[in-house]
Amino acid sequence: MLTPYKTVLERTIMIDVVNMGSALNSVYLDLIPDSLGRANYAHALLSNTRYLSDDLGYFYVESLSGYCILDAAVPSIEGQYRLDQTTPDGQYYVRDMIDVAHYRGHGWVNYDFSNPDTQELEKKLGFISSIPSAMWYIGSGYYASELEGKPGMNETARNDFEYHGFVHTMAQGMAGVSAAYANDPEFVLGAYRTMVHHINFDAHGSGYFFVNNLQGLVIAHGATPSLEGQNLIDYQDANGNFVLQMFIDKVTTVGAGFVDYYWLNPADQQIESKRAYVEKIEGTDMFVGSGFYHVVQ
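The numbering of the sequence shown is the working numbering, which starts it at 26 and goes up by one.
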């Protein structure tokens with residue numbers, strides 16, 4: 026049975042937005058108390074982060090008072106007061122976003138917006154998620170033209186599409202953080218751990234990120250933080266696969282890709298077949314990954 030592309034895309038956007046919102050919120054709560062520092066961190070994490078191949082998967086961050094903090098597609102509007110911004114048909118779409126963030130915490134908003142790829146006005150569907158610690162919200166979305174000619178996906182293709190998107194987003198964001206705070210490596214590691222510890226996007230704790238370096242050291246682990254600081258370079262799964270060595274081989278030879286292995290599923294505490302996407306964090310000796318457990322029919 027095929028899942029419509031629209032359904033897959035919307036789930037990917039929702040999870041990506043919530044993940045990056047959780048990443049910002051956790052770092053703000055634990056590491057960055059001031060507004061300027063928070064804005065700078067949002068820029069580091071999101072300005073160059075995209076999750077769709079055509080660069081249309083970008084993020085924006087705005088305040089509940091109506092100011093644009095960051096717009097990865099249109100940086101020229103950053104700092105502007107946008108509460109009275111309307112679409113050509115008179116919709117106060119920024120107010121609609123604020124209402125969603127303030128009253129519901131997250132949700133979808135429909136409006137017309139200029140597609141930066143085509144420079145044409147199109148129908149857009151945006152997903153919004155609040156960042157409570159800053160009284161901001163984060164959003165992303167897609168244009169109607171994005172759905173044209175896109176076929177449905179079977180379960181394998183759907184999982185691969187989604188996890189590629191989740192990890193690619195996080196890898197780019199972490200690379201941006203590493204570059205922006207290159208003079209403070211301890212802060213970078215702390216930010217990585219804080220983000221990873223507070224992101225979970227699937228049932229029963231099975232949707233999490235992990236970060237390792239190219240020597241096999243566990244830097245951050247969303248499901249089992251007790252692994253952090255351990256070197257798993259010689260760890261073998263139930264089939265004798267050297268899991269970390271397979272990850273490292275993947276990211277050092279092709280930069281990113283899928284790896285199949287066996288790992289503990291936090292949902293049921295059983296060793297199960299797992300498929301993970303791993304990607305190098307550019308500018309570092311680390312990589313980030315996440316994966317899904319195969320459902321036994």
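Glycine included, every Cβ here is placed at the ideal spot set by N, Cα and C.
Boundaries (first-last residue) of the alpha helix (DSSP H) holding residue i
| i | result |
| --- | --- |
| residue 142 | No alpha helix (DSSP H) contains residue 142, which DSSP labels as neither H nor E. |
| residue 165 | That residue, residue 165, is in no alpha helix (DSSP H); its beta strand (DSSP E) goes 161-168. |
| residue 283 | Here residue 283 belongs to no alpha helix (DSSP H); instead the beta strand (DSSP E) covers 281-290. |
| residue 191 | 180-205 |
| residue 172 | Per DSSP, residue 172 belongs to no alpha helix (DSSP H) and is neither H nor E. |
Start and end residues, beta strand (DSSP E) containing residue i
| i | result |
| --- | --- |
| residue 271 | Here residue 271 belongs to no beta strand (DSSP E); instead the alpha helix (DSSP H) covers 268-278. |
| residue 295 | 295-305 |
| residue 235 | 235-238 |
| residue 246 | 243-246 |
Coil, strand or helix - residue i by DSSP
| i | result |
| --- | --- |
| residue 322 | Reliability fails at residue 322, whose pLDDT of 45 lies under 50, so the model's placement of it is uncertain and the value that follows must be treated cautiously. Residue state, collapsed to three classes: coil. |
| residue 258 | coil |
| residue 39 | helix |
| residue 315 | strand |
| residue 155 | strand |
| residue 74 | coil |
| residue 30 | helix |
| residue 217 | helix |
| residue 53 | helix |
| residue 66 | helix |
Residue i and residue j closer than 8 Å at C-beta
| i | j | result |
| --- | --- | --- |
| residue 195 | residue 33 | no |
| residue 87 | residue 161 | yes |
| residue 175 | residue 76 | no |
| residue 239 | residue 257 | no |
| residue 159 | residue 63 | yes |
| residue 312 | residue 276 | yes |
| residue 60 | residue 95 | no |
| residue 154 | residue 232 | no |
| residue 137 | residue 113 | yes |
| residue 186 | residue 37 | yes |
| residue 205 | residue 292 | no |
Anticipated Cβ contact below 8 Å, residue i with residue j, distance rounded
| i | j | result |
| --- | --- | --- |
| residue 201 | residue 85 | With a Cβ gap of about 15 Å, residue 201 and residue 85 do not count as contacting. |
| residue 287 | residue 296 | 5 Å |
| residue 127 | residue 89 | 6 Å |
| residue 290 | residue 191 | Going by Cβ atoms, the distance from residue 290 to residue 191 rounds to 18 Å, so no, they are not a contact pair. |
| residue 97 | residue 220 | The pair is not a contact, with the Cβ atoms about 18 Å apart (cut-off 8 Å). |
| residue 305 | residue 318 | Not a contact, Cβ separation roughly 24 Å. |
| residue 223 | residue 51 | 4 Å |
**OP:** Go through the stretch 88-152 residue by residue and report every complete run of the beta strand (DSSP E) that reaches 3 residues or more, in order.
**Re:** DSSP assignment within the stretch 88-152 yields the following whole beta strand (DSSP E) runs of 3 residues or more, N-terminal first: 93-96 and 131-140.
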